[in-house]
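In this note's numbering, the protein residues as written are 15 to 186. Ideal Cβ positions, reconstructed from N, Cα and C, are used throughout, including at glycine. This structure is a prediction, so every number in the text was calculated from the model and none was measured.
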């Protein structure tokens, strides 16, 4: 099922189909080492979230992954520094860490203080970036989510786990 709007425009005897989906020039998802960098001495991880990195999920993805295909694991008590970049050429996207609740049109509730860009419902404009930082304060399963209306329901979410120990990691 297509997740974007196709509009047919007739010109003379032929038809041209325009797509409202954004597309990225990158054919492959980001590597794990590009997504997550950890400093064990300071207990800080840097998480790089690129919205619409690839055309997977019709562009509704983070780092090329959507619908729960990526799992980021961070030990409890670590600081998480996030850079959220919107690579779409056609629509706004946002980044937030939300509680694991049923998928909804408006997304979930922010899981940790500071775990979102400033205006997640309206998102970032085309090519824009924002950073945010929070403490992974409670062990549990959460989601990385785009809170622009309808985007989570279109598959723009992945997993964020706060673990009781171990090392930060990405699984795909």
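Item to complete: Quick one: using the 10 Å Cβ neighbour count with 16 as the cut-off for buried, is residue 181 buried or exposed?
Response: As a position in the chain shown, residue 181 is number 167, starting the count at 1. Result: exposed.
Discussion item. Ignoring anything shorter than 4 residues, give me the alpha helix (DSSP H) runs that lie fully in the stretch 87-165, in order along the chain.
Written reply: With a minimum length of 4 residues, no continuous alpha helix (DSSP H) run stays inside the stretch 87-165.
Worksheet item: Cα-Cα, which of 99, 61, 150 and 54 is closest to residue 48?
Response: On the chain shown, position 34 is the one that residue 48 refers to. Closest by C-alpha distance to residue 48, out of 99, 61, 150 and 54, is 61.
Item to complete: Apply the 10 Å Cβ neighbour rule to residue 120 and answer buried if 16 or more other Cβ atoms are within range, or exposed otherwise.
Response: Residue 120 sits at position 106 when you count from the first residue of the chain shown. Looking at its Cβ environment, which holds fewer than 16 other Cβ atoms inside 10 Å, residue 120 is exposed.
Discussion item. Among 106, 161, 70 and 94, whose alpha-carbon lies nearest the alpha-carbon of residue 56?
Written reply: Looking up residue 56 in the chain shown gives position 42. It is 94.
Fill in: Per-residue DSSP class, three states only, for residue 47
In the chain shown, residue 47 corresponds to position 33, counting from 1. For residue 47, the three-state secondary structure derived from DSSP is helix.
Worksheet entry | Close-in-space but distant-in-sequence residues of the same chain around residue 178 (CB under 7 Å, 5 per side omitted) | Start at 1 with the first residue of the chain shown, and residue 178 comes out as number 164. Within the same chain, residue 178 has close Cβ partners 90 and 153.
Discussion item. Do residue 52 and residue 172 count as a contact pair if the criterion is CB distance below 8 Å?
Written reply: For this step, residue 172 is matched to residue 158 along the chain shown. For this step, residue 52 is matched to residue 38 along the chain shown. No, the Cβ-Cβ distance between residue 172 and residue 52 is not below 8 Å.
Worksheet entry | Through-space distance from residue 151 to residue 80, alpha-carbon basis | Taking the chain shown and counting its residues from 1, the one referred to as residue 80 is at position 66. Taking the chain shown and counting its residues from 1, the one referred to as residue 151 is at position 137. Roughly 25 Å separates the two Cα atoms.
Worksheet entry | Residue burial classification, residue 132 (beta-carbon count within 10 angstroms, cutoff 16) | Here residue 132 is taken as the residue at index 118 of the chain shown, counted from 1. Taking all protein chains in view, the Cβ of residue 132 is surrounded by fewer than 16 other Cβ atoms within 10 Å, so the residue is classified as exposed.
Practice prompt. List in chain order: all unbroken beta strand (DSSP E) runs of 3+ residues lying wholly within the stretch 53-91.
Written response: At a cut-off of 3 residues, the continuous stretches assigned as beta strand (DSSP E) that sit fully inside the stretch 53-91 are 58-65 and 85-89.
Item to complete: Compute the distance between the beta-carbons of residue 50 and residue 176, then report whether it is under 8 Å.
Response: Indexing the chain shown from 1 puts residue 50 at position 36. Indexing the chain shown from 1 puts residue 176 at position 162. No. Outside cutoff.
Worksheet item: Leaving out five residues before and five after residue 100 in sequence, what residues of the same chain have Cβ atoms less than 6 Å from its Cβ?
Response: Residue numbering aside, residue 100 sits at position 86 when the chain shown is read from its first letter. Exclusion of the five residues before and after residue 100 leaves 65, 107, 138 and 142 as the residues of its chain whose Cβ lies within less than 6 Å of its Cβ.
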